[in-house]
Ligand code: ARG
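Numbering (the numbering used here), first residue to last: 232 to 801.
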């Protein structure tokens with residue numbers, strides 16, 4: 232049940248007003264509070280407390296209201312009846328969004344032949360959770376790993392390989408495109424060194440930069456040797472990427488299709504642009520002007536072809552729009568990247584409108600903030616390098632292992648991996664995704680406080696209760712709840728609203744923080760409401776087991792939406 236919606240609908244109907252419900256800080260006063268009397272007083276020609284008095288009398292007539300009372304200048308507090316809560320609380324089932332949509336979700340979007348780094352952490356974690364939530368509430372999503380596999384970095388890598396292996400067949404005039412070159416595949420650890428080396432050289436050596444740029448253009452135009460070499464290193468890179476996707480326990484992407492796939496649609500897209508007179512020549516390049524008279528901030532044109540005739544990142548994104556239009560025809564496309572790509576997406580969405588591919592309101596870019604170290608600067612490894620995703624995961628694993636050792640527990644590697652992953656992901660999810668946050672591997676692995684391990688620990692605790700109580704008495708229908716029981720059940724009844732809002736607001740922190748609050752209420756209940764103790768009567772025991780069951784199912788659902796896994800023991 233969507234408790235919030237149920238209660239507010241009934242109250243709206245009763246009062247003939249649109250009521251904004253809140254949760255009072257002090258739960259002793261009520262389960263909900265509202266300022267409706269203060270909002271409506273002027274129109275009603277009454278003072279707020281007087282109107283609140285009228286409302287309170289009406290609210291008392293509702294069958295789920297235990298009591299309604301006035302507080303302060305005209306706030307109304309509403310307390311729900313126990314029997315109403317007890318009768319209606321249930322484990323979460325499929326939750327239905329008001330308007331199911333087809334949504335293309337563009338996240339992850341890793342670059343091939345470059346190792347994944349800390350900048351890809353949030354797009355992976357938040358994107359995966361947003362996708363899981365969208366599906367859970369009934370949207371049809373198509374997840375895209377929009378691979379960075381067709382841009383300048385490809386030319387850089389090939390130029391570097393040419394430099395270290397000039398004798399390789401890919402670079403010879405008599406290159407035989409029909410032969411098998413798979414034996415040229417290099418280990419990924421080696422491949423990963425090529426791009427950084429090439430990029431460093433290109434900075435000081437304009438000739439090398441020139442070479443890399445020409446190779447990029449030639450690759451795109453179909454140069455057989457470069458394409459054969461490309462086909463040798465791409466699988467090496469994709470396999471490494473898959474491993475990380477699995478380690479992060481992400482849902483597999485529906486489409487691992489990126490820039491190269493998009494570039495197949497160059498011709499139809501170019502035709503649209505020409506038909507609409509949107510392509511302009513500029514210093515040998517082709518551009519699309521997206522500026523509007525009303526702009527107050529600079530809005531540079533989009534580069535469609537650079538002066539070498541190579542296809543740009545901007546251009547492949549237009550082509551990807553075309554591809555998505557003709558294959559999925561989605562109601563929405565959601566892109567999740569670092570907030571520094573804001574301008575790129577503003578430009579892109581304008582082209583979408585100009586070409587008629589998508590109205591701008593169907594396109595959405597979510598820009599996330601930076602992950603900083605405890606010094607407040609972008610997170611670096613101890614040797615001062617930008618941290619790779621594998622390094623980060625290893626750091627958290629080490630920290631989790633140290634925590635476990637400290638606590639004297641003896642847990643297997645699989646469990647430690649699950650704890651580490653929960654630590655990393657929960658910490659990411661609990662922060663407002665649009666803001667920066669500080670990452671401290673040791674802090675996130677704590678078993679106490681707002682952390683992933685605390686969440687898992689609570690779930691393991693509930694599971695272990697349920698493992699012990701098989702075949703206990705059923706829950707009585709007329710059970711009288713105590714405060715700890717009812718607070719927990721009300722939080723459970725708030726799950727549906729939270730999940731729907733988390734998706735609508737694209738706010739994954741709502742799920743994480745809801746889960747933390749849920750765990751706190753579960754642990755308070757656990758401490759104050761014994762179940763198996765001898766002096767507990769059967770009715771109470773049955774009721775509490777029932778509560779544990781619903782709490783566990785709700786918590787397990789939330790944990791699953793965050794892409795975490797509950798260990799067998801902890
Ligand atoms: N590969 C890009 C990067 O790592 C992100 C791509 C985002 N998606 C897109 N359709 N442009 O920065």
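For glycine and all other residues, C-beta sits at the position ideal for the given N, C-alpha and C.
- For residue 547, the enclosing alpha helix (DSSP H) covers residues 544-558.
- In the three-state reduction of the DSSP assignment, residue 526 falls in the coil class, being assigned neither a helical nor a strand state.
- Taken from the Cβ of residue 379, at least one heavy atom of the ligand ARG lies inside 7 angstroms.
- Judged by their CB atoms, residue 533 and residue 518 are nearer to each other than the 8 angstroms cut-off.
- Between residue 535 and residue 510 the beta-carbon gap is near 6 angstroms, inside 8 angstroms, which marks them as a contact.
- With a cutoff of 8 angstroms on beta-carbon distance, residue 727 and residue 326 are scored as near each other.
- About 18 angstroms separates the beta carbons of residue 683 and residue 636, which is beyond the 8 angstroms limit, so they are not a contact pair.
- By the CB criterion at 8 angstroms, residue 719 and residue 782 fall inside the cutoff.
- Within the DSSP bridge table, the entry for residue 512 names 517 as partners.
- Rounded to whole angstroms, residue 457 and residue 450 show a C-alpha spacing of 6 angstroms.
- Taking the CA atoms as reference points, residue 298 sits about 13 angstroms from residue 283.
- Short note on residue 566: C-beta closer than 7 angstroms to some heavy atom of the ligand ARG.
- Within the DSSP secondary-structure output, residue 486 pairs in a beta bridge with 375.
- Across the structure, residue 309 and residue 754 are spaced so that their CA atoms are roughly 25 angstroms apart.
- Note on geometry: alpha-carbon atoms of residue 248 and residue 234 lie some 18 angstroms from one another.
- Using a 10 angstroms sphere on the CB of residue 758, the tally of other CB atoms stays under 16, which defines it as exposed.
- Measuring C-alpha to C-alpha distances from residue 271 to each of 595, 463 and 250 identifies 250 as the nearest.
- Taken from the Cβ of residue 342, at least one heavy atom of the ligand ARG lies inside 7 angstroms.
- Annotation for residue 298: the continuous beta strand (DSSP E) segment containing it runs 296-302.
- In this structure, residue 260 places its C-beta atom within 8 angstroms of the C-beta atom of residue 302.
- Judged by DSSP secondary structure, residue 568 falls within the beta strand (DSSP E) whose first and last residues are 563-569.
- If you ignore the 5 residues before and after residue 769, its C-beta comes within less than 6 angstroms of the C-beta of 704, all in its own chain and listed in chain order.
- Cβ neighbours of residue 425 within its own chain (closer than 6 angstroms, five residues either side excluded): 388 and 391.
- Residue range 419-435 is occupied by the alpha helix (DSSP H) that includes residue 425.
- In the DSSP assignment, residue 599 falls within the beta strand (DSSP E) that extends over 594-599.
- No heavy atom of the ligand ARG is found nearer than 7 angstroms to the CB of residue 471.
- Under a 10 Å Cβ-count criterion, residue 695 is classified as exposed, with fewer than 16 other Cβ atoms of the shown protein chains found around its own Cβ.
- Counting other Cβ atoms within 10 Å of its Cβ, residue 776 reaches 16 or more and is therefore classed as buried.
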